[in-house]
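**Q** Please read through the structure below; I'll follow up with questions.
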Amino acid sequence: MANSNIKNYPKNVGIIMDGNGRWAIKNSLKISQGHKKGVEIVRNIVEDSVKHGIESLTLYAFSSENWNRPKAEINAIKKLVVEAINDQVEELKEKKVALKFFGHLDEFGKKILDKIKYAENETQTEKNKLNLNIALGHGGQQDIVDVIKKVSQKVIAKEIDLNKINVKTVLKNSSVPVDEIDLLIRTGGDKRISNFLLYQIAYAEIIFIKKYWPDFTSKDYIKCLYDFSKVSRRFGKRLNY
Numbered sequence: 115m116a117n118s119n120i121k122n123y124p125k126n127v128g129i130i131m132d133g134n135g136r137w138a139i140k141n142s143l144k145i146s147q148g149h150k151k152g153v154e155i156v157r158n159i160v161e162d163s164v165k166h167g168i169e170s171l172t173l174y175a176f177s178s179e180n181w182n183r184p185k186a187e188i189n190a191i192k193k194l195v196v197e198a199i200n201d202q203v204e205e206l207k208e209k210k211v212a213l214k215f216f217g218h219l220d221e222f223g224k225k226i227l228d229k230i231k232y233a234e235n236e237t238q239t240e241k242n243k244l245n246l247n248i249a250l251g252h253g254g255q256q257d258i259v260d261v262i263k264k265v266s267q268k269v270i271a272k273e274i275d276l277n278k279i280n281v282k283t284v285l286k287n288s289s290v291p292v293d294e295i296d297l298l299i300r301t302g303g304d305k306r307i308s309n310f311l312l313y314q315i316a317y318a319e320i321i322f323i324k325k326y327w328p329d330f331t332s333k334d335y336i337k338c339l340y341d342f343s344k345v346s347r348r349f350g351k352r353l354n355y
């Protein structure tokens, strides 16, 4: 099952890493400790993605709605972002993993923005083995609204012909760095999308996992990849029987 030569593994994987807080409460720990454990799991999944030839891994780290969480938790997440960059940039460079952050990044402040720019610049190479996309302050609905505004301005400026707007136009003007998600995984037991990559997951296979994110293992991940490889993806077409 863990054969990295399987041809039908997904190219682009998205993960909603849910359950850090509930895992912490279950284990009598602080919420921040749950998020810290979650970062450790990310490292493992990144390694697995490189090993099994995944082209892009897109992670839902902080949604636009997460700003409604307690200030202490938000500050702990911000601190973790900085720590993760400091700890892992050199390792990502060695593995040829290119970092890209997307969402309303300006809302995180200059310190984090500077760290993000540093991490993105440091990890870019001509031949990346994996594109690691991190959603910070992202919301699928807001991204679509942003695209509408951006494209509308270009139509007004006569940079885009209204009658030539298509799917590619939307994708080109989106802040999301991947055009489509083949496999979407959500941990934590809930069966919803939670406003993640709404346009890009149009034809994604979706797997819901009961385990909280800090309990998600390499074995779980490889099983998801394997299960995907067995699915017949028709994209609306009728296959010949």
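Going by my numbering, 265 is the number at position 151 of the sequence shown; the sequence numbering is gapless. For every residue, glycine included, the Cβ atom is placed at its ideal position computed from N, Cα and C.
1. For the structure I just gave you, are there three or more beta carbon pairs, one from the segment 275-293 and one from the segment 215-231, closer than 8 Å?
2. Is it right to say Tyr317 is buried, meaning 16 or more other beta carbons lie within 10 angstroms of its own, or is it exposed?
3. Closest to Ile191 by C-alpha separation, out of Glu205, Asp220, Gly152, would be which residue?
4. Can you look up Phe330 in the DSSP assignment and give me helix, strand or coil?
5. Do Thr331 and Asn158 have their C-beta atoms closer together than 9 Å?
6. In whole angstroms, what is the alpha-carbon distance linking Ser146 and Val345?
7. Beta carbon of Leu339, beta carbon of Leu297: below 9 Å?
8. Restricting to Cα atoms, I'd like to know which of Val156, Val211, Lys144 is closest to Pro184.
9. By Cβ distance below 7 Å, which residues in the same chain neighbour Lys268 in space, the five residues on each side in sequence not counted?
10. Go ahead and pull the three-state DSSP assignment for Asn215.
**A** Inspection of the coordinates gives the following:
1. yes
2. exposed
3. Of Glu205, Asp220, Gly152, the residue nearest in Cα terms is Gly152.
4. coil
5. Cβ distance < 9 Å, so Thr331 and Asn158 count as in contact.
6. Rounded to the nearest angstrom, the two C-alpha atoms are 37 Å apart.
7. yes
8. Here the closest residue by C-alpha is Lys144.
9. Excluding its 5 nearest sequence neighbours in each direction, Lys268 has C-beta neighbours in its own chain below 7 Å: Ile274, listed in chain order.
10. For the record, residue 215 in the displayed sequence is Phe; it is not Asn. Reduced to three states, the DSSP call for Phe215 is strand.
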